[in-house]
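Some notes on the structure that comes next.
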Amino acid sequence: MIKDKLILIRGAGDLATGVAYRLYKSGFKIVMTEVEKPLTVRRTVAFSEAIYQGYCEVEGIKAYRAEGLQEVKDILAEGNIPVIIDPQAKVKDKMDFSVLIDAIIAKRNLGTAIDDAEVVIALGPGFEAGVDVDAVIETNRGHFLGRVIRAGRAQENTGLPGMIAGYSRERVLKAPIIGRFTSRYSIGDMIEAGGVFGYIDQQPIKAEISGVIRGVLRSDIMVKIGTKLGDIDPRGEIKHSTTISDKALAIGGGVLEAILSFS
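To convert, take the position in the sequence shown, counting from 1, and add 153; that gives the working numbering.
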């Protein structure tokens with residue numbers, strides 16, 4: 154049966170988690186890989202939090218950090234999602250994965266190849282369907298979001314966040330300098346325009362708009378220039394900060410379509 158196929162997802166951020174949610178709800182068994190210190194900001198809806206906490210739950214689905222191959226298998230056997238620190242996805246050579254999904258969202262290919270599994274799928278720019286992978290899923294907001302591309306590439310990265318309530322660049326905070334990030338805010342808190350969202354070392358990082366904090370990077374993380382620090386939702390709906398986004402679900406639907414069509 155198709156649902157007996159084991160799926161490996163590279164990355165466990167919020168978009169990867171939306172993909173995992175769609176596939177898990179459809180009956181698939183999933184393993185996810187991450188880096189040692191994920192830089193996810195939408196932490197309440199990302200299985201990458203299991204790396205820091207050992208366990209996390211997103212919309213009723215449980216994920217656990219796995220310390221080795223046996224723990225991966227044990228967590229799977231319990232009906233949950235294992236997340237393992239494995240930036241190069243070496244686990245793919247130790248288990249029989251039928252599908253590999255590159256959901257790192259690095260805007261470039263960090264080592265995924267079309268022969269890594271029976272079906273190989275990638276999210277967003279940086280891959281060519283039919284060359285690097287079997288299919289690419291469009292991640293750019295708009296008319297083509299979630300579309301399955303079987304030949305060619307996704308739209309180029311614009312560098313601009315998607316428009317929400319008339320705001321794009323203003324709603325996302327990025328590091329202007331190198332240093333250690335700290336913030337007193339939690340996801341779900343409200344912030345006013347001009348308020349100090351956090352600090353990089355001693356330099357304050359101020360919010361440009363008012364709204365609910367939908368994402369904030371963990372404190373005491375070293376950041377580089379351009380690292381995403383947070384995400385402010387001007388709509389002010391607190392429940393949006395604890396549920397998977399429409400974008401992530403649309404992309405997850407595209408991945409599901411691709412898997413079923415190739416299989």
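Here a beta-carbon is modelled for each residue, glycine too, at the ideal position from N, C-alpha and C.
Since we're looking at a predicted model, the values are computed, not measured.
{"query": "Suppose contacts are defined by Cβ-Cβ distances below 9 Å. Is M343 in contact with G312 by that definition?", "result": "no"}
{"query": "Kindly give me the distance between the Cβ atoms of L159 and S251, rounded to whole angstroms, as I take these residues to be in contact under 8 Å.", "result": "6 Å"}
{"query": "Got a sec: is the Cβ-Cβ distance from L263 to anything in chain B below 9 Å?", "result": "You won't find chain B in this structure, because it holds only one protein chain."}
{"query": "Which runs of the beta strand (DSSP E) fall wholly inside the stretch 322 to 364 and span at least 3 residues, in chain order?", "result": "325 to 327, 332 to 335, 349 to 353, 356 to 359"}
{"query": "Just checking, does the stretch 167 to 179 make contact with the stretch 254 to 261 on the three C-beta pairs under 8 Å criterion?", "result": "yes"}
{"query": "Which residue comes first and which comes last in the beta strand (DSSP E) that contains G383?", "result": "381 to 386"}
{"query": "If we count the other Cβ atoms within 10 Å of its Cβ and call it buried at 16 or more, is P278 buried or exposed?", "result": "buried"}
{"query": "For A230, is the classification buried or exposed, using 16 other Cβ atoms within 10 angstroms of its Cβ as the cut-off for buried?", "result": "exposed"}
{"query": "For L161 versus A275, is the C-beta distance shorter than 9 Å?", "result": "no"}
{"query": "Excluding five sequence neighbours on each side, which residues of the same chain lie with their C-beta closer than 6 Å to the C-beta of D239?", "result": "T186"}
{"query": "For Q223 and P329, I'd like the C-alpha separation in whole angstroms.", "result": "42 Å"}
{"query": "Would you mind listing the alpha helix (DSSP H) stretches within the stretch 156 to 192 that are 4+ residues and don't spill past its ends, in chain order?", "result": "167 to 178"}
{"query": "Under 8 Å: do the stretch 283 to 292 and the stretch 351 to 368 share three or more Cβ pairs, one atom per stretch?", "result": "no"}
{"query": "Leaving out five residues before and five after P357 in sequence, what residues of the same chain have Cβ atoms less than 7 Å from its Cβ?", "result": "V349"}
{"query": "Are the beta-carbon atoms belonging to T197 and G341 less than 9 Å from one another?", "result": "yes"}
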